[in-house]
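Enquirer:
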Amino acid sequence: MAIDYSKWDKIELSDDSDVEVHPNVDKKSFIKWKQQSIHEERMKRNHDIKNLETQVDMYFHLNKRVDKILSTLPEEDLADLSAVTKFLNANFDKLEKSKGENVDPEIATYNEMVEDLFEQLSKDLTKEGKDSRNPFLLRAAILKHRAKIDSVTVDAKKKLNELFKEKNAHISSDDIHTGFDSSFMNKRDNEANQLEATSSPAPESAPDAAILDKLAKSSAPQTFIEFKDDPMKLAKETEEFGKIPVNEYSKSQKFLLEHLPIISEQQKDALMMKAFEYQLHGDDRMTLQVIHQSELMAYIKEIYDLKKIPFLNPMELSNVINMFFEKVIFNKNKPIGKESFLKSVQEKFLHVQKRSKILQQEEMDESNAEGVETIQLKSLDDSTELEVNLPDFNSKDPEELEKINVFKTLIPEKMQEAIMTKNLNNINKVFEDIPIEEAEKILEVFNDIDLIGIKAILENEKDFQNLKDQYEQSHEDATMENLSLNDRGKGEEKHEEAKSTADMID
Numbered sequence: 347m348a349i350d351y352s353k354w355d356k357i358e359l360s361d362d363s364d365v366e367v368h369p370n371v372d373k374k375s376f377i378k379w380k381q382q383s384i385h386e387e388r389m390k391r392n393h394d395i396k397n398l399e400t401q402v403d404m405y406f407h408l409n410k411r412v413d414k415i416l417s418t419l420p421e422e423d424l425a426d427l428s429a430v431t432k433f434l435n436a437n438f439d440k441l442e443k444s445k446g447e448n449v450d451p452e453i454a455t456y457n458e459m460v461e462d463l464f465e466q467l468s469k470d471l472t473k474e475g476k477d478s479r480n481p482f483l484l485r486a487a488i489l490k491h492r493a494k495i496d497s498v499t500v501d502a503k504k505k506l507n508e509l510f511k512e513k514n515a516h517i518s519s520d521d522i523h524t525g526f527d528s529s530f531m532n533k534r535d536n537e538a539n540q541l542e543a544t545s546s547p548a549p550e551s552a553p554d555a556a557i558l559d560k561l562a563k564s565s566a567p568q569t570f571i572e573f574k575d576d577p578m579k580l581a582k583e584t585e586e587f588g589k590i591p592v593n594e595y596s597k598s599q600k601f602l603l604e605h606l607p608i609i610s611e612q613q614k615d616a617l618m619m620k621a622f623e624y625q626l627h628g629d630d631r632m633t634l635q636v637i638h639q640s641e642l643m644a645y646i647k648e649i650y651d652l653k654k655i656p657f658l659n660p661m662e663l664s665n666v667i668n669m670f671f672e673k674v675i676f677n678k679n680k681p682i683g684k685e686s687f688l689k690s691v692q693e694k695f696l697h698v699q700k701r702s703k704i705l706q707q708e709e710m711d712e713s714n715a716e717g718v719e720t721i722q723l724k725s726l727d728d729s730t731e732l733e734v735n736l737p738d739f740n741s742k743d744p745e746e747l748e749k750i751n752v753f754k755t756l757i758p759e760k761m762q763e764a765i766m767t768k769n770l771n772n773i774n775k776v777f778e779d780i781p782i783e784e785a786e787k788i789l790e791v792f793n794d795i796d797l798i799g800i801k802a803i804l805e806n807e808k809d810f811q812n813l814k815d816q817y818e819q820s821h822e823d824a825t826m827e828n829l830s831l832n833d834r835g836k837g838e839e840k841h842e843e844a845k846s847t848a849d850m851i852d
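No gaps in the numbering here: position 204 of the sequence shown is 550 in my numbering, and each next residue is one more.
1. Mark residue 322 as exposed unless 16 or more other C-beta atoms lie within 10 angstroms of its C-beta, in which case mark it buried.
2. In the DSSP assignment, the alpha helix (DSSP H) including residue 476 goes from what residue to what residue?
3. Under the rule that 16 or more other beta-carbon atoms within 10 Å means buried, what is residue 787, buried or exposed?
4. Comparing C-alpha positions only, which one of 697, 747, 398 sits nearest to residue 619?
5. Please report the distance separating the alpha-carbon of residue 405 from that of residue 488.
6. Does DSSP put residue 602 in a helix, a strand or coil?
7. Could you spell out where the alpha helix (DSSP H) holding residue 638 opens and where it closes?
8. Please tell me whether residue 645 and residue 662 are closer than 9 Å, where the distance is taken between their beta carbons.
9. Please report the straight-line C-alpha distance between residue 630 and residue 499, rounded to a whole angstrom.
10. Helix, strand or coil: how does DSSP classify residue 517 here?
11. Below 8 Å on the Cβ atoms is my guess for residue 797 versus residue 750; work out the distance and round it to an integer in Å.
12. State the DSSP-derived secondary structure class of residue 396, mapped to helix, strand or coil.
13. Going straight from the alpha carbon of residue 434 to that of residue 457, what length do you get?
14. For residue 710, is the classification buried or exposed, using 16 other Cβ atoms within 10 angstroms of its Cβ as the cut-off for buried?
15. Over the uninterrupted alpha helix (DSSP H) stretch that includes residue 794, give me the two end residues.
16. Roughly how many whole angstroms lie between the Cα atoms of residue 398 and residue 444?
17. Who pairs with residue 430 in a beta bridge, going by DSSP?
18. From the DSSP output, which residues share a beta bridge with residue 674?
19. Please state whether DSSP places residue 611 in a helix, a strand or coil.
20. When the Cα of residue 667 is compared with those of 641, 690, 688, which residue comes out closest?
21. To the nearest angstrom, report how far apart residue 483 and residue 746 are at their CA atoms.
22. Can you tell me the Cα-Cα spacing of residue 656 and residue 648, whole angstroms?
23. Just to confirm my understanding: we take residue 605, look at its own chain, exclude 5 residues before and 5 after, and list those with CB closer than 6 Å. What are they?
24. Which same chain residues end up closer than 6 Å to residue 545 when comparing Cβ atoms and leaving out the 5 residues on each side of it in sequence?
25. Below 9 Å between beta carbons: does that hold for residue 720 and residue 773?
26. Touch check for the region 621-638 and the region 684-696: three-plus C-beta pairs under 8 Å?
27. Following the continuous alpha helix (DSSP H) through residue 739, name the residue where it begins and the one where it ends.
28. Once you ignore the five residues that flank residue 424 on each side, which residues in its own chain have a CB closer than 7 Å to its CB?
29. How far does the alpha helix (DSSP H) with residue 765 in it extend, from its first residue to its last?
30. With three or more C-beta pairs closer than 8 Å as the rule, is the region 590-608 touching the region 491-507?
31. Residue 499 by DSSP, collapsed to three states: which one?
32. DSSP three-state call for residue 578: helix, strand or coil?
33. Please name the residue in 654, 431, 757 whose C-alpha comes closest to that of residue 795.
34. Could you check the C-alpha separation between residue 615 and residue 637 for me, to the nearest Å?
35. So, for residue 586: in the same chain, excluding its five sequence neighbours on each side, which residues have a beta-carbon less than 7 Å away from its beta-carbon?
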């Protein structure tokens, strides 16, 4: 068996081997300082790695709780801290908290941290003069905070990746084992052998083994796709994965194995948001399909995160993908795993449908609040009011019959019903839902049949007496004018008679 000696090139020499120093520097002292420096750097690196691993692990548990609340808890309960607490304790271990060498034993539990987060965001909204009981505003604040946590997590994982690379570049005594010691066997290899022994046979349509072999031999570094500046941005590959039909699991498995970097928190969330876009356009089929594909990514990412590997390890992630499909999707002996997965997909589908309806209603309400052009009947003069003059439906008069015909044929049925109540508020309510051009045509019909009239409002007896005097005076003037016309007519008659008599005498 060929032996690979290249790993010994990474050993940090800290003994008294061939070391050249300045003549004025004691060689033994120099070697001692060098050993101490290497030891301190190694200790600090290990300390930083543990701290970052603890931080990433804590954010993972917190985000899992927040995501569960946002996707499952009813909208109206988001602003109710007692409802949030009850939900957390019912779905998560209320005693679970961060642990580690550098973690304070008295640190709050994960559930308590989430409760504190909701309480703090609610207080922040109040300080900004906003309604802290508004679930829509609270959800927006939570998502904004969630994006910040994701950004910090990405930076932490990047730093961890650098520290692990630096650590792997050197070999310490902790990394060296005797050649044939049983502890030399890689733990992950052992786990893989156990999994292979208990797994059900892979289906004929499973991806070719050449893919795994290619991944194993590939030395090119890979990183998860994360768009920090635009959390909703989809990579081209992720969007293509979302278009794979629901039941083509082998195709999904092969695609993920060939495009490992898309299995990131940001990309699976962005794909889920794509479902809202389809649902808002009424496309139920694509909504369900995109949610299904996003859930595949979410399940695989969650299993991979349990390994606490802060960077993309192609072989590890590929093993997780294959294990998930074999043990959950293709496992006919234990269908409960697939059933649970599909149930989760259905729950998210129903949630997206519900949220989309709420968003559409909020958009409609916002548009109305901004001022949509509508026609409303209202008197501009405080001394008058509008009244409804219905046609006489029992009349046989030709003019009334014409009005009745126009009323029944040119006015919409809903508007007819509102007019029959003689209530202007009911009429205006119908006008709110009618386009402006159609409403103007209806107003023309109102005018043609004198449907809306103006009634004067007399506030006191004096106004009534003045109006009465004006009426009587105008009536008297009209009478006098008629009398004058009659007298003039009689004079003309007498003149004609006199003239006729004179003609006869002549």
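In this text, a Cβ means the ideal position worked out from N, Cα and C, and glycines have one as well.
Expert: By the coordinates alone:
1. Residue 322 is absent from the model: the chain starts at 347 and stops at 852.
2. Run containing residue 476: none; DSSP gives neither H nor E here.
3. exposed
4. Nearest neighbour of residue 619 by Cα position, chosen from 697, 747, 398, turns out to be 697.
5. 14 Å
6. Three-state DSSP puts residue 602 in a helix.
7. Unbroken alpha helix (DSSP H) run through residue 638: 630-651.
8. In this structure, residue 662 does not lie closer than 9 Å to residue 645 by Cβ.
9. 34 Å
10. Reliability fails at residue 517, whose pLDDT of 45 lies under 50, so the model's placement of it is uncertain and no value is given.
11. About 12 Å; that fails the 8 Å criterion.
12. helix
13. 6 Å
14. exposed
15. 782-794
16. 12 Å
17. Answer by DSSP bridge pairing: none, since residue 430 is not bridged.
18. Answer is none; residue 674 lacks a bridge partner.
19. helix
20. 641
21. 57 Å
22. Distance between the alpha carbons of residue 656 and residue 648: 13 Å.
23. 583
24. Note that residue 545 scores 38 on pLDDT, short of 50, meaning its location in the model is unreliable; the coordinates nonetheless yield the value given after this. Hits under 6 Å: 672.
25. no
26. Yes, the region 621-638 is in contact with the region 684-696.
27. Looking at the DSSP string, residue 739 is not in any alpha helix (DSSP H), and its letter there is neither H nor E.
28. 481, 484, 485
29. 759-766
30. no
31. helix
32. coil
33. 757
34. 10 Å
35. none
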